[in-house]
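Asks: Here the protein sequences come in this chain order: C and P.
Position one of the first sequence corresponds to residue 115 (the numbering used here), numbered consecutively onward.
Position one of the second sequence corresponds to residue 3 (the numbering used here), numbered consecutively onward.
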Amino acid sequence: MQINKTWILSNKNKFKQEFFKKNPPGSLDKLQKAVAGVAGAGGLGSNIAVSLVRAGVQNLVIADFDRIELSNLNRQQFFFDQVGQLKVNALKENLLRINPLAKIKIFAEKVTRENAAFFFKDCDILLEAFDRAENKVMLAETWSKYFPDKYIIIGSGLAGAGMNEKIKTQKYDKIIICGDQKTQSTNENGLLSARVAAVANLQANCAIEILLKGVSTHDRSEQ
Amino acid sequence: MIEVNSDSLEWKKGMTVNDVLTAKKYSFPLIIVKIDGNIIEKHDYTKYEINDGAKIEIIHLMSGG
Numbered sequence: 115m116q117i118n119k120t121w122i123l124s125n126k127n128k129f130k131q132e133f134f135k136k137n138p139p140g141s142l143d144k145l146q147k148a149v150a151g152v153a154g155a156g157g158l159g160s161n162i163a164v165s166l167v168r169a170g171v172q173n174l175v176i177a178d179f180d181r182i183e184l185s186n187l188n189r190q191q192f193f194f195d196q197v198g199q200l201k202v203n204a205l206k207e208n209l210l211r212i213n214p215l216a217k218i219k220i221f222a223e224k225v226t227r228e229n230a231a232f233f234f235k236d237c238d239i240l241l242e243a244f245d246r247a248e249n250k251v252m253l254a255e256t257w258s259k260y261f262p263d264k265y266i267i268i269g270s271g272l273a274g275a276g277m278n279e280k281i282k283t284q285k286y287d288k289i290i291i292c293g294d295q296k297t298q299s300t301n302e303n304g305l306l307s308a309r310v311a312a313v314a315n316l317q318a319n320c321a322i323e324i325l326l327k328g329v330s331t332h333d334r335s336e337q
Numbered sequence: 003m004i005e006v007n008s009d010s011l012e013w014k015k016g017m018t019v020n021d022v023l024t025a026k027k028y029s030f031p032l033i034i035v036k037i038d039g040n041i042i043e044k045h046d047y048t049k050y051e052i053n054d055g056a057k058i059e060i061i062h063l064m065s066g067g
């Protein structure tokens, strides 16, 4: 059977029922009500967003100022014909190709101490997906200042290849860190698809777990 | 006594976050500092006075994404 957007829009419930057939029972109700923020749409952010949308998190807020370069394609969820596009635009397009019912709010701006709280104010949870450690620190400080009761999940230590056994998740109350917490992104270490996506998916998995426990403060009607 | 990343450290009156970082020889610039659950922002490291018995967590973040 061929499925197109017109069919999906007029058969939303049927589409969702089939799409999320393999989800754990009861999970979709909680996940589709939640709003998740993704700060950064690169190696971590693009992989996080794809996993969240596939899982049924249908409301995302994504911010990134950057454009896609060819060198991003070894680990980021973009395609060659999207090189040169703003990452947030291309990511939104790709996410809507997975599930056109998803609501993706994008900000094509650099996230700063001044605008972070505004961009992500509606989010139940924030996933940090920046490249540079100083921005990770900035986001954690800003988020905890404005939303001390909400979780932030940070990716830290994901450079290089292999070393599965080094990757872990550590909780510091509302701050959760996924990664090996050691490997730095340097020219020598490099960044590779599988290890970056592994950490991104640990972050997404952690967010899903928290959302399933029901931290969502939003009560949205069925879409 | 205060607790820093599960290790104990002698408390001194007027001790700031910077004093703790120096005492622990933490020279990493990219860290999150939590004291009794609250994040202390970088610009307060020299001002924030730590109480005796405080529980401090210092989380070092790595670049890459």
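Cβ atoms here follow ideal geometry from the backbone N, Cα and C, with glycine treated the same way.
For D238/C, is the beta carbon positioned less than 8 Å from some heavy atom of the ligand FAD?
Replies: This structure lacks the ligand FAD; in fact it carries no ligand of any kind.
Asks: Name, please, each residue of chain P whose Cβ falls closer than 8 Å to the Cβ of F232/C.
Replies: Near F232/C there are no residues of chain P at all, since even the closest Cβ is about 18 Å away, more than 8 Å.
Asks: Please tell me whether N40/P has its Cβ less than 9 Å away from any Cβ of chain C.
Replies: yes
Asks: Leaving out the 5 sequence neighbours to the left and right, which residues in its chain are closer than 6 Å to Y286/C when beta-carbon positions are compared?
Replies: Residues of the same chain with their beta carbon placed closer than 6 Å to that of Y286/C are lacking, with the five preceding and five following residues left out of the count.
Asks: Provide the residue(s) that pair with E51/P in DSSP beta bridges, ordered along the chain.
Replies: T18/P
Asks: Given N20/P, which residues of its chain have a CB within under 7 Å of its CB, disregarding the five upstream and five downstream residues?
Replies: Y47, T48
Asks: Using a Cβ-Cβ cut-off of less than 8 Å, give me the residues of the region 256-277 of chain C that come near chain P, in sequence order.
Replies: Those would be S258, K259, P262, I268, G269, S270, G271, L272, A273, in chain order.
Asks: Using a Cβ-Cβ distance cut-off of 9 Å, determine whether Q337/C contacts chain P.
Replies: The predicted position of Q337/C is uncertain, since its pLDDT is 39 and thus under 50; no value can be drawn from it.
Asks: Taking 9 Å as the CB-CB cut-off, is E59/P touching chain C?
Replies: yes
Asks: Which residues does DSSP list as the beta-bridge partners of A150/C?
Replies: L174/C, I239/C
Asks: Taking a Cβ distance cut-off of 8 Å, strictly less, list which residues of the region 11-38 of chain P are near chain C, in chain order.
Replies: So the close ones are P31, L32, I33, I34, K36.
Asks: Using beta-carbon positions only, say whether N208/C and F133/C come within less than 9 Å of one another.
Replies: At least 9 Å separates the beta-carbon of N208/C from that of F133/C.
Asks: So, G156/C versus F244/C, is the Cβ gap smaller than 9 Å?
Replies: yes
Asks: Within 9 Å of any Cβ in chain C, is that where the Cβ of G55/P sits?
Replies: Taking a beta-carbon distance threshold of 9 Å, G55/P does not count as an interface residue toward chain C.
Asks: Using 8 Å as the Cβ pair cut-off and three pairs as the minimum, do the region 136-147 of chain C and the region 176-191 of chain C touch?
Replies: No, they do not touch.
Asks: Is the shortest distance between the beta-carbon of S8/P and the beta-carbons of chain C less than 9 Å?
Replies: no
Asks: Is there a C-beta anywhere in chain P that falls below 9 Å from the one on E248/C?
Replies: By the rule that beta-carbons nearer than 9 Å mark a contact, E248/C touches chain P.
Asks: Note the first and the last residue of the continuous alpha helix (DSSP H) segment covering E255/C.
Replies: 247-260
Asks: Answer with yes or no whether the minimum CB distance from K49/P to chain C is below 9 Å.
Replies: Not flagged as an interface residue toward chain C: K49/P, since no C-beta distance is shorter than 9 Å.
Asks: Any Cβ of chain B within less than 9 Å of the Cβ of V175/C?
Replies: Although the question refers to chain B, the structure presented lacks it and instead comprises the protein chains C and P.
Asks: Determine the DSSP secondary structure at G328/C, reduced to helix, strand or coil.
Replies: Coil.
Asks: Comparing alpha-carbon positions, which option in I291/C, M252/C, L306/C lies nearest G274/C?
Replies: L306/C
Asks: Quick one: what does DSSP say Q196/C is sitting in, helix, strand or coil?
Replies: Of the three classes helix, strand and coil, the one that applies to Q196/C here is helix, per DSSP.
Asks: Please tell me whether G271/C and Q295/C are closer than 9 Å, where the distance is taken between their beta carbons.
Replies: yes
Asks: Is Q131/C helix, strand or coil when you go by DSSP?
Replies: helix
Asks: Since K219/C and I239/C should fall inside the 8 Å C-beta cutoff, what is the C-beta to C-beta distance between them, to a whole number of angstroms?
Replies: So it is not a contact: roughly 15 Å between Cβ atoms.
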